[in-house]
Every structure is written in C-alpha cells, then in structure tokens.
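Student: Submitted below is the structure of interest, expressed as structure tokens.
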C-alpha cells in the first residue's frame, strides 16, 4: 500500500476528512467576528459580540454553575475511580465479573436512558433537583471513565519497582505514596481531565437532572440556540472551542511526560 | 501492597471498593431497576405511577407510529456508522502510516473537535445547513446567478432547469440527511481512534509477506490487514452506533417534525406528556434495540475473522 494511486487516494481522503472536521468550526469562529446581526451578511470584523458576552450575567452564572459541577464531580470521581481501578487490577474477589460489567455499563448506556433513570430516581426519592443532583449524576458516569483510564495505566505497571521499594525497607504506605502514586499520576491526571471535559460537556443528563437556578453552560447554550441563531451564541461557541483546544494541549503535555500513548476515550 | 496479610488485604479491598460500589448501586443500578419496573406500570389518574404488572406500554410500542420511529432511528444510526467507517478507517490508516512524531500531532488535530462541546458542534451545522445558511447562500446566490447566465447564453435544458432549481433553497435543514451529517460529524473521532489504535499495532511485515506470496493489494487488504484490524473497527462502530441510536440533541436541533428519533420520544414522554411508564417502556425499547444491534454486529464480526494468515491470502 505504499505506491501508486492508492497513496494519492488515501492522501486525498485524509485531507478532505480533516477539512470536513474543521470547516464548521472555522465557519463558526468566522461568524463570531461578523459585524452583521444576520449571519448570512458579511459586514466586516467586530469584537462587539465578545463584549456582549462578557457582560451577560446569565452566561456568567451558567459558567459558574458549570465549573462548580465539573470541579466537584471531577474531584469525587477521580478519587473513587482511581481506588476502584486499583481494586480491579490488583485484587481478586467474589463477584468481580458482574462488578466489572456494572462498572462499564455507564459508559455504553445511551445518555438519554441514563438521564431518565436518574430523573425517576430523584423524583421517587423526593430529592430537590439542582446542582447536587447534577453532581451526583455526573459522578455516576465519571467514575467509570476515570477507572478505564487509570486501569490502562495500571496494566502497564512494572511491579518490580514496588518490590524494589520494599527491599529498601519502605513500608506499604511509603511504597504506595512514593512509588505507586507518582508513577500512576499521568493516568490519574488523564482520567481527571477526561472527567472534567465530560462533565463540562454534558447536556442530556444535566438537562434531565437540573432544577431551577442550576442552569449550566450547555443548558444555557441550548436555550439560546432554541431561541434562534445569534452572533452571541457564535461568540460563546468560539470561546468554548478555544477552551477545548487548551484542554487538549494540556493533556498532550501530560501524556508527553512519560505517559502511555494517547488515551482512547 | 505486597506484604499484606489476608486480613489487611480484605480490609483494604473493602475500603477501596465501597465508595464506587455504593455510588454505582444507588445511583445507577437502582435507578435502572426503577425504570425497568416502571415500564410494566401504569400512569395514575393524577399523573403518578401505579406499580402493577401490565404489558400495556409495550403493546403501545407496537403502534405503527412508534415502529416507524424505531426503524428510522435504527437506520439513521446504521447509516451514520457506515459513513463514519468509510471516512474514518482511511483517515486512521493514513495517520497510522505517518512518521511516529507526526502521528501525535494528527491525533491531536482529531481530538480538538472531539473535545469541543457537542452542542456547539451541532450548532455549527445549523449555520451551514439552514435555509439562510452557508450552503444555501451559495446555492441561491452565486450558483443561481451563474446558472441563469449560462441558461441565457447556452442551449440545452440542463442550465435552465439548474437555474430553476437554484432559485429555491435546498431544504436540507430538518431532514434525515441533516441528522446523519450532524451525527457523523459528532461521532467520527470515536470511529477513528479505535481504528487507529488497531492499525498502529498492525505489523506491516505481514502485508509484505502476503505480497511476497503474490497476493495483490486488494487481497492483502481484505485477507490480512482488514481481519487483523477488525477489533478496532468493531469497537469504533459500537462507539458510533450506540450514541447515534439514542441521539437526542442532533435530531432536536437539526431534524424536523418528520425526523423524530427515539431520544425525542423519550424526552417528550418524560418532560412534556409526563407519561413516565410509557417513557420507561420506550427507553427499554432503546436499550433492547441497542443490545440486538450489538449482538448482530459482533456475530458478523466473529465470522469474518477466520482467515488472518498471509499464506491464506495468497490462495
């Protein structure tokens, strides 16, 4: 497959697929600088919509809610997910197989299904829908994602390093704290970053489990989009694209620090 | 964790596992069982739920209206998966055959759209597909003008009919096609990443061996490369098919009244009609369909992994 028309065809198809992936994003960013209120008119460049955006209180409040949800659900699920990853890689116990299935289920279940499950649970448990229920729901799917990423790192773990630490009279806790944990760190950080992104990104599950006053950024964007295409949405969307670029770059730096190759999820 | 006594091991196991076990049972397994039980229940007179055992909700699913929606969702998800595979596999192959240091760069280029908010990515297609969107501005603008000019200056029906066609917007927005475009755009990286992982692990000396044994390139691909990278294809297809089947955002934003999918029905039953038991039955239907799709796919996948030897390929 190295010579001839195949190669050109492959080059062309790869190039056009990348174009397909980036064209909508570039168009969106371009529109966000459009001076015209009507998207199909081009009236020159402006930063007007970005100024509007930073003065919009509703968006500020939504961003605050999003960050509260993302940071707390990431913190909880990173700790729990790392702990459960250690269990799955290092221990054998009765019922490990069904538990493994339960651990994978939140990843593969369609989000609409998970959303209605949680909504019904909260309704029947008479829990007030709000930030707390959103955080609980996000932790419920993020534990599994963190566990997958940390397990990938753990499966490549060289156990002889721990034995060496033991031979040098480190006790179990010291070995874990000084050897195991630092070596696991890229995996844990990768898992945390994934959890943070998924939480910040989630719309469907948040949509079903949010109450009055707990509007997150995706919910805000959704209601703005539903009301109609406005230059402000374009500016907000462009800002979010920028943030995701920064996050990808950070994860790249993390993985370059001796981590395994690009994580799958 | 090497010199733990059996008792210490048991204690540390319990400590490490209990938070996740608690969370997954209380906030995942238990809610799942509630929805399963609810799908056999009835809507109470005042909007509540009566917990009795009836198949009424599932009988309602057999209504042609819902059969049609289920079939539409299944075919939209299937088409999305096929298109993602046709676009994603060559891209994965291309990236995997670049020099190693370049691969990371291209994978990052792939992940940036993937990590961008799904709503934002769907919204971008509204800007492109709607009647005043980019495609239609070009279609009814410069393309129309060119067609009119050509129709006036050249003989033949083609140009005049083109100028008639371009007078109206294409009406892409709100169709099944718009949904498929949105879904392909949303889930393409999910297909490329597992395929890439499989192709990158592939030992290219095997394809050289097949070619040495006089297999042509197509045969080498079909009998050696394809079967050996099939696990990646299967994983990628599942990662695309399942969220596409349960899609809510894409059909809601890009689709119209005639392109409703299962996700929209579930939403309207829970949030608008408040018929929880029927909504639960629809959600059950979605999960059953998901399992059926997965089983068919993996059965087909296992059958085609029989021959992987380069020697076989040459025959």
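Chains as they are written, first to last, in our numbering: chain Z, 1 to 265; chain R, 1001 to 1315. A virtual CB, placed ideally from N, CA and C, is assigned to each residue, including glycine.
If contacts are defined as beta-carbon pairs under 8 Å, then residue 1242 (chain R) and residue 106 (chain Z) qualify, I think. What distance do you get, rounded to the angstrom?
Tutor: That pair is no contact at about 12 Å.
Student: Leaving out five residues before and five after residue 338 (chain Z) in sequence, what residues of the same chain have Cβ atoms less than 8 Å from its Cβ?
Tutor: Coverage of chain Z is limited to positions 1 through 265, which leaves residue 338 (chain Z) absent and any answer about it impossible.
Student: Pull up the distance between the alpha-carbon of residue 1285 (chain R) and that of residue 132 (chain Z), whole angstroms please.
Tutor: Each residue's alpha carbon lies about 30 Å from the other.
Student: Report the option in R:1077, R:1070, R:1044, R:1172 whose CA atom is closest to the CA atom of residue 1183 (chain R).
Tutor: Closest option to residue 1183 (chain R), Cα to Cα, is R:1077.
Student: Once you ignore the five residues that flank residue 85 (chain Z) on each side, which residues in its own chain have a CB closer than 7 Å to its CB?
Tutor: Taken in chain order, the residues that qualify are 147, 150, 151, 154.
Student: What is the residue span of the alpha helix (DSSP H) that residue 162 (chain Z) lies within?
Tutor: 159 to 167 is the extent of the alpha helix (DSSP H) around residue 162 (chain Z).
Student: I believe residue 13 (chain Z) touches residue 1120 (chain R) by the beta-carbon criterion, under 8 Å. Please report the beta-carbon distance rounded to the nearest angstrom.
Tutor: Contact flag wrong, Cβ pair sits at about 26 Å.
Student: Taking Cβ-Cβ distances below 8 Å as the criterion, which residues of the region 1143 to 1171 of chain R are in contact with chain Z?
Tutor: Cβ contacts with chain Z come from no residue of the region 1143 to 1171 of chain R.
Student: In angstroms with no decimal places, state the Cα-to-Cα distance between residue 161 (chain Z) and residue 1025 (chain R).
Tutor: Whole-angstrom Cα-Cα distance: 35 Å.
Student: Can the beta-carbon of residue 31 (chain Z) be found less than 9 Å from the beta-carbon of residue 231 (chain Z)?
Tutor: Yes, the pair counts as a contact, with Cβ atoms nearer than the cut-off.
Student: Against chain R, does residue 13 (chain Z) count as a neighbour if the rule is that its beta carbon must be under 9 Å from one of theirs?
Tutor: So yes, residue 13 (chain Z) belongs to the interface.
Student: Can you pull the DSSP bridge partners for residue 1174 (chain R)?
Tutor: According to DSSP, which records beta bridges pairwise, residue 1174 (chain R) is partnered with R:1255.
Student: Since residue 1087 (chain R) contacts residue 17 (chain Z) with CB under 8 Å, what's their CB separation in whole angstroms?
Tutor: Indeed they touch by this definition, with Cβ atoms about 5 Å apart.
Student: Applying the 10 Å Cβ sphere with the 16-neighbour rule, what's the burial state of residue 1100 (chain R)?
Tutor: Result: exposed.
Student: Give the interface partners of residue 1246 (chain R) over in chain Z, defined as CB-CB distance under 7 Å, in chain order.
Tutor: Those within 7 Å of residue 1246 (chain R) in chain Z are 110, 111, 112, 113.
Student: Quick check: is the beta carbon of residue 117 (chain Z) nearer than 9 Å to any beta carbon in chain R?
Tutor: Residue 117 (chain Z) counts as touching chain R.
Student: Less than 9 Å separating the beta-carbons of residue 83 (chain Z) and residue 1194 (chain R)?
Tutor: No, the pair does not count as a contact, with Cβ atoms beyond the cut-off.
Student: Between residue 1308 (chain R) and chain Z, is any beta-carbon pair separated by less than 9 Å?
Tutor: Note that residue 1308 (chain R) scores a pLDDT of 43, beneath 50, so its modelled location is shaky and nothing firm can be said.
Student: Should the region 1032 to 1050 of chain R be called in touch with the region 1140 to 1160 of chain R, which here means at least 3 C-beta pairs below 8 Å?
Tutor: Cβ pair count under 8 Å is below three, so no.
Student: What does the alpha-carbon distance come out to for the pair residue 1267 (chain R) and residue 1252 (chain R)?
Tutor: When rounded, the distance between both Cα atoms is 10 Å.
Student: What residue range is occupied by the uninterrupted alpha helix (DSSP H) comprising residue 1064 (chain R)?
Tutor: Counting along the chain, the alpha helix (DSSP H) containing residue 1064 (chain R) begins and ends at 1064 to 1096.
Student: Excluding the five sequence neighbours on either side, which residues of its own chain have a C-beta within less than 8 Å of the C-beta of residue 1004 (chain R), listed in chain order?
Tutor: Excluding sequence neighbours, residue 1004 (chain R) sits near 1012.
Student: Which term fits residue 1271 (chain R), buried or exposed, when burial requires 16 or more other beta carbons within 10 angstroms of its beta carbon?
Tutor: The residue in question, residue 1271 (chain R), is exposed, as its Cβ has fewer than 16 Cβ neighbours within 10 Å.
Student: Closer than 8 Å by beta-carbon distance: list the chain R residues that pair up with residue 289 (chain Z), in chain order.
Tutor: An answer regarding residue 289 (chain Z) cannot be provided, because it is not within the stretch 1 to 265 covered by chain Z.
Student: What three-state label does DSSP hand residue 1168 (chain R) in the structure shown?
Tutor: Reduced to three states, the DSSP call for residue 1168 (chain R) is coil.
Student: Can you tell me where the alpha helix (DSSP H) holding residue 84 (chain Z) begins and where it ends?
Tutor: Its alpha helix (DSSP H) spans residues 57 to 90.
Student: Using a Cβ-Cβ distance cut-off of 9 Å, determine whether residue 100 (chain Z) contacts chain R.
Tutor: Residue 100 (chain Z) does not count as touching chain R.
Student: Using the beta-carbon of each residue, which ones in chain R are nearer than 8 Å to residue 233 (chain Z)?
Tutor: Chain R residues near residue 233 (chain Z): 1123.
Student: Counting only C-beta atoms, is residue 1214 (chain R) closer than 9 Å to chain Z at any point?
Tutor: No - not a single Cβ of chain Z is within 9 Å of the one on residue 1214 (chain R).
Student: For a test of the three-state rule: what should DSSP assign to residue 1043 (chain R), helix, strand or coil?
Tutor: In this structure, residue 1043 (chain R) counts as strand in the three-state DSSP scheme.
Student: Flag this pair as yes or no: are the beta carbons of residue 1057 (chain R) and residue 1039 (chain R) separated by less than 9 Å?
Tutor: Taking 9 Å as the Cβ cut-off, residue 1057 (chain R) and residue 1039 (chain R) qualify as a contacting pair.
Student: Should the region 1126 to 1133 of chain R be regarded as contacting the region 1167 to 1177 of chain R, the criterion being three or more beta carbon pairs within less than 8 Å?
Tutor: With a cut-off of 8 Å, the region 1167 to 1177 of chain R and the region 1126 to 1133 of chain R count as touching, because enough Cβ pairs lie within range.
Student: Going by the CB atoms, is the gap between residue 254 (chain Z) and residue 193 (chain Z) shorter than 9 Å?
Tutor: For residue 193 (chain Z) and residue 254 (chain Z), yes; Cβs fall inside 9 Å.
Student: For my contact list, residue 1126 (chain R) and residue 229 (chain Z) are in at a C-beta cut-off of 8 Å; report their separation, rounded to the angstrom.
Tutor: About 6 Å separates the two Cβ atoms, so the contact holds.
Student: In or out: residue 259 (chain Z) buried (at least 16 other Cβ within 10 Å) or exposed?
Tutor: In this prediction, residue 259 (chain Z) has a pLDDT of 44, which is less than 50 and means its spatial position is unreliable; nothing more can be read from the coordinates.
Student: Whether or not the region 1279 to 1293 of chain R and the region 1096 to 1112 of chain R are in contact is what I'm after, with contact meaning three or more pairs of Cβ atoms, one per stretch, closer than 8 Å; do they touch?
Tutor: Contact between the region 1096 to 1112 of chain R and the region 1279 to 1293 of chain R is absent, because fewer than three Cβ pairs lie under 8 Å.
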